[in-house]
Amino acid sequence: MATARVREILSWYTSENPGVKANLARIMNTGRLAGTGKFVILPVDQGFEHGPARSFAPNPAGYDPRYHVELAIEAGCNAYAAPLGFIEHVASDYAGDIPLILKLNNSDGLSKGHEPCSAITGSVEDALRLGCAAIGYTIYPGSGARNEQYEALRELILEAKAVGLPSVVWSYPRGIGLTKEGETAIDVSGYAAQIAAQLGAHIIKVKPPKMHLEQAEAKKVFEKHAIPIGTLTERVKEVVRSAFNGRRIVIFSGGEAKGTDEVLAEVAEIAAGGAFGSIMGRNAFQRPRAEAIELLHAVMDLHKNAR
Amino acid sequence: MATARVREILSWYTSENPGVKANLARIMNTGRLAGTGKFVILPVDQGFEHGPARSFAPNPAGYDPRYHVELAIEAGCNAYAAPLGFIEHVASDYAGDIPLILKLNNSDGLSKGHEPCSAITGSVEDALRLGCAAIGYTIYPGSGARNEQYEALRELILEAKAVGLPSVVWSYPRGIGLTKEGETAIDVSGYAAQIAAQLGAHIIKVKPPKMHLEQAEAKKVFEKHAIPIGTLTERVKEVVRSAFNGRRIVIFSGGEAKGTDEVLAEVAEIAAGGAFGSIMGRNAFQRPRAEAIELLHAVMDLHKNAR
Amino acid sequence: MATARVREILSWYTSENPGVKANLARIMNTGRLAGTGKFVILPVDQGFEHGPARSFAPNPAGYDPRYHVELAIEAGCNAYAAPLGFIEHVASDYAGDIPLILKLNNSDGLSKGHEPCSAITGSVEDALRLGCAAIGYTIYPGSGARNEQYEALRELILEAKAVGLPSVVWSYPRGIGLTKEGETAIDVSGYAAQIAAQLGAHIIKVKPPKMHLEQAEAKKVFEKHAIPIGTLTERVKEVVRSAFNGRRIVIFSGGEAKGTDEVLAEVAEIAAGGAFGSIMGRNAFQRPRAEAIELLHAVMDLHKNAR
Amino acid sequence: MATARVREILSWYTSENPGVKANLARIMNTGRLAGTGKFVILPVDQGFEHGPARSFAPNPAGYDPRYHVELAIEAGCNAYAAPLGFIEHVASDYAGDIPLILKLNNSDGLSKGHEPCSAITGSVEDALRLGCAAIGYTIYPGSGARNEQYEALRELILEAKAVGLPSVVWSYPRGIGLTKEGETAIDVSGYAAQIAAQLGAHIIKVKPPKMHLEQAEAKKVFEKHAIPIGTLTERVKEVVRSAFNGRRIVIFSGGEAKGTDEVLAEVAEIAAGGAFGSIMGRNAFQRPRAEAIELLHAVMDLHKNAR
Amino acid sequence: MATARVREILSWYTSENPGVKANLARIMNTGRLAGTGKFVILPVDQGFEHGPARSFAPNPAGYDPRYHVELAIEAGCNAYAAPLGFIEHVASDYAGDIPLILKLNNSDGLSKGHEPCSAITGSVEDALRLGCAAIGYTIYPGSGARNEQYEALRELILEAKAVGLPSVVWSYPRGIGLTKEGETAIDVSGYAAQIAAQLGAHIIKVKPPKMHLEQAEAKKVFEKHAIPIGTLTERVKEVVRSAFNGRRIVIFSGGEAKGTDEVLAEVAEIAAGGAFGSIMGRNAFQRPRAEAIELLHAVMDLHKNAR
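Rendered as structure tokens:
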């Protein structure tokens, strides 16, 4: 039976059919954080997004698609997320071992000069036949092509939930509407979380927000109402609040690979801010396996003990 | 990670997509028998098949749909099977708590004189939106309407597997082609298991076979080859062999309600015959809750220790 | 490159698209008879048609679906034909090892008193996803339900050929229109072959015809024109002539299990009559493996040396 | 029966249905490299891509579509790949003689100034009616139109695999995102292989990579981890590793026509790097027939003896 | 019965169904060139393409749609080709009198400045209901919009052949990729014929090629291999060779209206080059009727006597 916390989180999704809830529950009832309502997810789409050498050369075991799903299982993650090719390669041999999230769009780094926009590289039909527990999708708020992305996402969410699949949305501000600094500005991060929630995302992934305020109108409001954004913990609180006052699951990415202490210090702040968890790719799979598992366990413990 | 036995069983279904395998794995990885490759499933379709009074008056708690799914969860069953109404009533509140099997056809006892034939009372779409792990379907080999049943089943199985759902087939010989005794004759039982397997069933449910031999041609063969059918254990072996030499999951129903000793003696023989498990309805839900759980645990133990 | 004889046979099917021809060629280019234009096919649908005990008890290895496809491969058959369940069980593990023929309809022996009619137990979609080289289908000329069967077959043939799959038709006279003796009468056998050919069958399977003449009008013609039917060889010639004067592939079933000498004597007569080959089930799989292979090789040699 | 190596390669595609596996097996079980898990494929799309004179004037026999398929058959290639017109012209007369790969998109050289993008010139339906064993498709990573190409490919792969057809993807970096040198840079080549694999390609065709490193971020990684790229063999290893650590079939094109010694020296290095084979067009069909067959045999020998 | 030459030509289309072959045969068995394998077709799409005054004022009888079909019948043409309106106007009254080719796309001359691209102005359904023997379609290789045209054509060809209709493709190089001179350059003309053939055209219409060589890479090849292009006859040979070495029907348009001697001199050279015939519009219908018929007869004689 689900824990009280899992029931509470599911109660925020009462408009959804039992299939969507069951898959959300499956993700929450899996791994070392089972039943806590906290999440640590392993995502590995960097092979597509950054290329194989940049992604896997630091720990060459990762060239093999099996490595990642085994790492996620062994570390006790709630789910493993990847593009079609990686999921297809492991879905049969590891059937039922861990909830899979099929990333339905991806962007490679070989073409330049256009507004950020991913290609659709998978379908809800793929997710079903591969036994996935959710679909994943990236939007780029701030991109000149954002509306096409929102529209495609809305259709996919609707299609997915009809067959019982929840949606995980990577909300990454980027593009013509934003400065480089603005991509992780606290006002923009909260806004990105809100947009994903308004589009119907069940789980929202954002980057840890920085102290910068990008939009003049937003800046005025943050200052007028003295919204605290001085620490990462405060900023995470603000982002979580921006996603329906904490009634949507918001998880934070780990970003570029860095030292263990640095990662854990950041996660500690994120966890203290009420985050629902971490989605940690490069900092996990670019480390040697044992070290990665140790790190993931430490991250899980920080989230588990956060409240 | 799945156990070696679960992996072995999944290896018999190599033509299936990962979604079908993942749901089979989910069922095998749930409950007190998780990982053993054995099954105890709670089915409650008697409200539709026999009427509520006959079904629930012996233990009135069972009038409430929640009672059964809670019983299945608490007893540690692998799955809970029921018609649409019962599943719809509990799918949301117990989302993710236990694999659900949606019985897609049902036959009531209010009309007589026709060849046995169930109505289709649910769909693959229902199974997905309700978060089910499999569909269920009853065929009546021996019925004058059997062909229509086989044809409808084939289409449902194809539709279900495309979206990752395995199929559980109740194969109950009955109808114009058979005597009453023939319905559970050993030759007929093995034949019924074979038909379900040939139609593409992933899990096959049959009744415990009796010593009677129904068909003259089959009788000759049983006698010529001296196939042992003197004990229930021997007959179960023959039925399991009839379903692709044990390479399809065959489980046995408990039949009419009876005393605990009688049930356990029968299950002991069934388990010794290489059955993959039991699907036990009336003998479970018509007992008081504590007693039912005790019985189900005893049944599970018999299967777990059988080999 | 195909042999001259294979090219000649394919030239009878010029209205077909290249996909249909390629699959016919695949079947003709496989096994010990590759390139000869002769066929020996192993069909195993008796589990469904007669029940598992009658089919497999004589050689219990045959309860296992893998046994049959391995037998067909090892013996060097042109193809292996079976219902959905048997094909699904082996299609992945033996992918590409031998052309598979998916029997799309089947009839069990558990219901009585109706006109002979099989249930549709598979689809063209199944044949494609399972990598089959052809579909198979049984018609019962003489049955009161024959028209429904012809109509369903026509639709399946059209659907199958659009995706490059040829059709193998079991044409078995049976039913209200015929006496028991008439089922294998020479006039009826030739008629049954003609019907299958007219319905668009690419390969036609009939039973060895007997000397009986069933229909009064036909009897007159056979007698008036002194059509020789005294020997099996003569009768096979008449059946082959009845299928577009030998410009359709007609193969003959072996019928009930019998002694090796008897089988070979019959096949020798069939081969001498210009048959394109044999489709031999029970006489193959009910023998011990080594003996079955020896028999199948002898049958192949008879066909190979026939012309 | 398939060899152990063919079985091993098929085991990397466990999520696929038996139809896809059977066609992959057919390609691997054809020609002089049958059973080795190595591939030499003859592709002739240059008539469309470069025009007939540039393609066929060096060996005018090649103006006739029959020439190429006969060359592929006689040389013992695993498969022959071409656009619709060429395949349609030969599919019937050479039905069953060699696995055919229908190139579903093609780009002519008569229009300039746009981002590289091919037209869709065939369909999965065409591939089926023509009896093909696979579809082929070209993507141009680096092109401003890449996302449309990825999306169209994804739909075609899904459609094709539903009917049992695997997909061969030509991954040719080109377009606004890349310098001319970058099109064959080692970092870009590996990235191109990864993208094709993530999109679900079953067989990936890339060009032999050069020593150039195109992307600054990738350059850092190659240098930091001292990935050896000094020889073609080392670079091929890196590309093969980039396609799921060698668990996807990667074959290398021969590129522009050149002298025999030069071709063989290059193939020797490619084979030593663990390539699964060569796809060799111009260097084959632009030579006189006897010379082409001799060359293809030498290429096959290099691959066969490589490991 | 078809002549040996007609049978030979049909043998190049063996992948097609009998319906497509029958309509090709109908066209080849019609008119004064019946049985010769040569074609003279009257096309009248200039009303749409150039406007009525430019098209019909020189011979005002041509304003009446009946004029053209009667001209084609009386002159003994193989077929008459026109857009929907013209065909609809005459299809009933002249039903069965001459094979009709429905031009499925057309471009008017009222809009400028975009890349050449025709509108789809008819459908396969129209062609069937109007009793046509083929569809017609124009592509503009070299146009920036060429890919859309190729893709639409491919779908129409597939749709048309499914209902037994062959396709006639006007392949007219034009657009951003080409100079004005390049539109009829010999290298480009051969390339245009190849593209149409690869797209599946059954009959290809091109303009008489000129001596210019447009593409630098092609120029090198023409010079290196000393391909003779000095006379129109030589250039026609090269174009015919470019369409599958003469195994696709290639016919040449007459182009702008000109004097009779000039027309016949050009046709004589075209016929000597192995062209399959002429498609002659303005030079026919802009002349007085009797004169037009005389000219068409002369053109037919030149083609008939060419080989």
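Residue numbers (this note's numbering), protein chains in the order written: chain C, 1 to 307; chain R, 1001 to 1307; chain D, 2001 to 2307; chain U, 3001 to 3307; chain F, 4001 to 4307. Ideal Cβ placement from N, Cα and C applies to all residues, glycine included. These numbers were taken from a predicted model, which means no experiment stands behind them.
Cβ pair residue i, residue j closer than 8 Å
{"i": "Y1172/R", "j": "T1121/R", "result": "no"}
{"i": "A284/C", "j": "L71/C", "result": "yes"}
{"i": "G2165/D", "j": "V2124/D", "result": "Per the sequence shown, the amino acid found at residue 2165/D is Leu instead of Gly. Against a cut-off of 8 Å, the Cβ pair of V2124/D and L2165/D comes out as a contact."}
{"i": "H2106/D", "j": "D2064/D", "result": "It is worth fixing the name first, because residue 2106/D is Asn in this sequence and not His. No; because the gap between Cβ atoms is not below 8 Å, this pair is not in contact."}
{"i": "A3025/U", "j": "G2031/D", "result": "no"}
{"i": "L2100/D", "j": "G2142/D", "result": "no"}
{"i": "A3193/U", "j": "V3236/U", "result": "no"}
{"i": "L169/C", "j": "P209/C", "result": "Note on identity: in this sequence residue 169/C is Val, with Leu being the wrong assignment. No. Outside cutoff."}
{"i": "S167/C", "j": "I135/C", "result": "yes"}
{"i": "L1232/R", "j": "E1256/R", "result": "no"}
{"i": "I98/C", "j": "A127/C", "result": "no"}
{"i": "G3200/U", "j": "L84/C", "result": "yes"}
Interface partners of residue i on chain D, CB under 8 Å
{"i": "P1173/R", "result": "L2110"}
{"i": "R3235/U", "result": "Those do not exist, as R3235/U stays about 32 Å from chain D at its closest Cβ, beyond 8 Å."}
Proximity to residue i [Cα-Cα], best of the options
{"i": "P43/C", "options": "R129/C, M28/C, A2/C, K205/C", "result": "K205/C"}
{"i": "F2086/D", "options": "T1231/R, E1183/R, S1242/R", "result": "S1242/R"}
{"i": "A290/C", "options": "N59/C, P18/C, A4/C", "result": "N59/C"}
{"i": "C3077/U", "options": "K3304/U, N3305/U, M3300/U", "result": "M3300/U"}
{"i": "G2175/D", "options": "V2163/D, C2117/D, Y2191/D", "result": "C2117/D"}
{"i": "E234/C", "options": "R282/C, A271/C, P288/C, L295/C", "result": "A271/C"}
{"i": "A2133/D", "options": "K2021/D, R2282/D, G2035/D, F2244/D", "result": "K2021/D"}
{"i": "G1246/R", "options": "V2006/D, R2066/D, M2001/D, R2054/D", "result": "R2066/D"}
{"i": "V4308/F", "options": "A4119/F, R4129/F, E4214/F, H4050/F", "result": "Since the displayed chain F opens at 4001 and closes at 4307, residue 4308/F lies outside it and no answer follows."}
Where residue i meets chain D, residues with beta-carbon distance less than 9 Å
{"i": "H1225/R", "result": "A2053, A2057, P2058, P2060"}
{"i": "V3163/U", "result": "E2125, L2128, R2129, V2163"}
{"i": "S1313/R", "result": "Residue 1313/R falls outside the range modelled here, since chain R spans only 1001 to 1307, and no answer is possible."}
Where residue i meets chain F, residues with beta-carbon distance less than 9 Å
{"i": "P2018/D", "result": "T4014, S4015"}
Per-residue contacts from residue i into chain U (C-beta, under 9 Å)
{"i": "I1990/D", "result": "Residue 1990/D lies beyond the stretch modelled for chain D, which goes from 2001 to 2307, so this question has no answer here."}
Chain U residues whose Cβ lies nearer than 8 Å to that of residue i
{"i": "A4222/F", "result": "The sequence as given places Phe at residue 4222/F; Ala does not occur at that position. Within 8 Å Cβ-Cβ: A3053, A3057."}
Under 9 Å by beta carbon: chain C residues contacting residue i
{"i": "V3188/U", "result": "G51, L110"}
Partners in chain R for residue i, counting only beta-carbon separations shorter than 8 Å
{"i": "A2097/D", "result": "Here residue 2097/D turns out to be Asp, not Ala, going by the sequence shown. In chain order: nothing, as chain R lies at least about 14 Å away."}
Partners in chain C for residue i, counting only beta-carbon separations shorter than 7 Å
{"i": "K1103/R", "result": "Per Cβ cutoff of 7 Å: no residues; K1103/R is ~16 Å from chain C at best."}
{"i": "S1092/R", "result": "P18, K21"}
Residue i: contacting residues in chain R (beta-carbon distance under 9 Å)
{"i": "A218/C", "result": "Within chain R, no residue comes near A218/C; the closest Cβ sits about 38 Å away, beyond 9 Å."}
Chain U residues whose Cβ lies nearer than 7 Å to that of residue i
{"i": "A2025/D", "result": "A3095, G3096"}
Contact list for residue i against chain F, beta-carbon separation under 7 Å
{"i": "E3088/U", "result": "S4015, G4200"}
| field | Complete runs of the beta strand (DSSP E) confined to the stretch 3167-3220 of chain U [at least 3 residues] | value | 3167-3171, 3203-3206
query = So does the stretch 4108-4115 of chain F actually touch the stretch 4056-4073 of chain F, counting three or more Cβ pairs closer than 8 Å?
reply = no
* Asked: Do the stretch 2260-2275 of chain D and the stretch 2219-2230 of chain D touch if we need at least three Cβ pairs shorter than 8 Å?
  -> no
Taking the runs of the alpha helix (DSSP H) that are 4 residues or longer, which of them lie wholly in the stretch 4243-4286 of chain F?
4260-4272, 4282-4285
Check whether the stretch 129-146 of chain C and the stretch 3184-3202 of chain U touch, using three or more Cβ-Cβ pairs below 8 Å as the test. no
- Query: Considering only residues of the stretch 4014-4048 of chain F, which uninterrupted alpha helix (DSSP H) runs meet the minimum length of 4 residues and lie entirely inside it, listed in chain order?
  - Reply: 4018-4028
Secondary structure, alpha helix (DSSP H): runs of 4+ residues fully inside the stretch 46-110 of chain C:
46-49, 52-56, 65-75, 84-91
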